[in-house]
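The structure under discussion appears below in the form of structure tokens.
Residue numbers (my numbering): -9 to 610.
Okay, structure coming up:
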């Protein structure tokens, strides 16, 4: 809960912004005039924050050292260049947000992106979500923007197939969810939006709008991140849709928001009521039922009785390893939520008890995108959340199945290195395929002229790549410098959605990042370190066909790596379905197991490295 001093500061209409305010007040500064505590106290607090070097908490160490994967005694950041191939690969997409001076909040949020194999040729294709001009403010000379689908030739070259695929649809789009909801072997696409959401059924590479007959349109809310998962283990993918705030153009334009005391600015979400999410249950006949209320995912503010959530990010993970998927929601300026699956079609919200609702001081943050993974290669699960400018990234870590988290962002080095950036998309991935999960962050501010009032803030911001040095190192996550990753990677942009996939079949993971009102960036991973890797493409028979929620576990001596089929991660975006697992210098796998959704396990044989394996769930 916010302290009284912060709440009063947000309400004062007479304050003029200063350079150091955002170190204390964070998100509330944007779009409103704020009173501050005495400047001497702010300067002291800012200095203390900037210079804080918190040691590791006792008990946060990994239970063993992955010596077979890397000798960390003399750990050095690997040199892995990322090359911008956006233009050369054939990507010509341009995001449209409709911004023409009215300063409407949806213009700041950007659009998502998805890697998925839409035509079942084995390659990861690319879908970009587009927004639009406002109906009453479209330039006559401009054509109507649509989303864009690009087909991959298998070598990382892309051809625009939007029109022939049927996805040349104009919508004020936000997020994307990809999943085979009818188990016919073809991945379907759901697009969240400001207004009506859309569901497109994939008919062998041709998409047909089935929104109305499926019952998944929603009710004209502002929807953001969304994803498919099987909430009740019936073998059919259900759909969870985040909703941001109760918003209309009229409400937005009626707010007097400014950052300089003169000009209109984008208003913060604190000026809007929250919105309940949607949980659409798959009824198995191409139709869905809205079970949001009965399932227990509609949480009210206990003081005002209005919807609490202002959701921007969602992940699905089996936190207590009982075979049932739980749901974590990242909320902007209000507490994060954790819905524990009760295994009877309902969920219990336990975010406060679990320790992920607030930061260490009991404050909510401006949470955007997020990801969850066992980044220490043991039973500890990490939940990384990107936050607003001057709010460091969160890294909540739980030990085993206890579902009790503590924020270790400062202890691991992520906190001090992410304090200034405004982070939207982020995800764990092993960019150097050494066996440890690293972390990527997509950054960019909301206000084009933020630098005029905050000299250390910039509209365009560089993405960040954090190398996982291991928990036995002084700094667990080390930001990769320019000389190690290349200028193409570090070039500033207004980053939003982000996703990863192996676009060229070489075993390493490439990155795509979207930008507000601009072109995306497709970054090819050119690593050549000699490390080994494995890729797994799983097909469910008793569980959902996409095997979303399945976990592949590899054992090599005392080492154990666990990776989940989890396309819904980051912000507004979707990852590829196949799992890539780097194993570093290890030359054999002692044991490999697939943990299927629902609790069944299946041992598999791995005879060769550096190749893709396809496994189908065995019937029990």
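Cβ atoms here follow ideal geometry from the backbone N, Cα and C, with glycine treated the same way. The structure displayed is predicted, hence computed values, not measured ones.
Asked: Pair within 7 angstroms by beta-carbon distance, residue 183 and residue 161; Found: yes
Asked: Cβ-based neighbour list, residue 84, same chain, cut-off 6 angstroms, excluding 5 preceding and 5 following; Found: 509
Asked: Chain-order list of residues whose beta-carbon lies under 8 angstroms from that of residue 603 (same chain, five-residue window excluded); Found: 524, 525, 526, 527, 594 and 596
Asked: Closer than 6 angstroms: residue 550 CB and nearest the ligand COA heavy atom; Found: This structure lacks the ligand COA, and indeed carries no ligand of any kind.
Asked: Sequence-distant residues of the same chain with beta carbon closer than 7 angstroms to residue 337, five excluded per side; Found: 285, 286, 287, 317, 329, 330 and 331
Asked: Distance between beta carbons of residue 484 and residue 455, contact taken as under 8 angstroms; Found: No, residue 455 and residue 484 are not in contact; Cβ-Cβ is about 18 angstroms, not under 8 angstroms.
Asked: Reduced DSSP secondary structure (H/G/I, E/B, other) of residue 513; Found: strand
Asked: Per-residue burial, residue 149 [other beta carbons within 10 Å of its own, 16 or more giving buried]; Found: exposed
Asked: Whole-Å CB distance - residue 237 paired with residue 262, under 8 angstroms assumed; Found: 6 angstroms
Asked: Buried/exposed call for residue 464, threshold 16 Cβ in 10 Å; Found: exposed
Asked: Integer Cβ distance of residue 586 from residue 540, believed to fall under 8 angstroms; Found: 5 angstroms
Asked: Enclosing alpha helix (DSSP H) for residue 405 [first to last residue]; Found: 404 to 407
Asked: Contact the region 113 to 127 vs the region 439 to 458: 3+ CB pairs below 8 angstroms; Found: no
Asked: As assigned by DSSP and simplified to three states, the class of residue 95; Found: helix
Asked: Between the CA atoms of residue 430 and residue 71 - distance to the nearest angstrom; Found: 14 angstroms
Asked: Continuous beta strand (DSSP E) assignments of at least 3 residues falling wholly in the region 276 to 325; Found: 278 to 280, 301 to 307 and 316 to 321
Asked: Simplified DSSP state of residue 241, which is helix, strand or coil; Found: helix
Asked: Residue 521 versus residue 564: straight-line alpha-carbon distance, rounded; Found: 26 angstroms
Asked: Proximity of residue 433 and residue 411 at Cβ, strictly below 7 angstroms; Found: yes
Asked: Backbone CA spacing between residue 381 and residue 605 [nearest angstrom]; Found: 42 angstroms
Asked: Test item: CB-CB of residue 417 and residue 559 under 7 angstroms; Found: yes
Asked: Per DSSP, cross-strand counterpart(s) of residue 581; Found: 545
Asked: Nearest-angstrom beta carbon gap, residue 361 and residue 355 [assumed within contact, 8 angstroms]; Found: That pair is no contact at about 16 angstroms.
Asked: Residue environment, residue 133, which counts as buried when at least 16 other CB atoms sit within 10 Å; Found: exposed
Asked: Given residue 169 as reference, the closest of 202, 105 and 123 once Cα atoms are compared; Found: 105
Asked: Bridge-paired residues (DSSP) for residue 180; Found: 167 and 189
Asked: Segment limits, beta strand (DSSP E) that includes residue 562; Found: Neither: residue 562 is in no beta strand (DSSP E) and is coded neither H nor E.
Asked: Per DSSP, cross-strand counterpart(s) of residue 551; Found: 544
Asked: DSSP state of residue 204 mapped onto helix, strand, coil; Found: helix
Asked: Contact belief for residue 534 with residue 302 at Cβ below 8 angstroms, rounded distance in angstroms; Found: Not confirmed; about 25 angstroms, so no contact.
Asked: Pairwise C-alpha distance: residue 309 and residue 396; Found: 14 angstroms
Asked: Own chain partners of residue 365 with C-beta closer than 8 angstroms, once the 5 adjacent residues on each side are dropped; Found: 372, 418, 426, 427, 429 and 458
Asked: Residues near residue 300 in its chain [Cβ-Cβ closer than 8 angstroms; skip 5 each side]; Found: 234, 235, 259, 262, 264, 265, 321, 322, 323 and 324
Asked: Supposed close pair residue 399, residue 390 - CB separation, criterion 8 angstroms; Found: Wrong, their Cβ atoms sit about 20 angstroms apart, outside the cutoff.
Asked: Whether residue 504 touches residue 146 by CB criterion (7 angstroms); Found: no
Asked: Three or more C-beta pairs below 8 angstroms linking the region 290 to 298 and the region 192 to 212; Found: no
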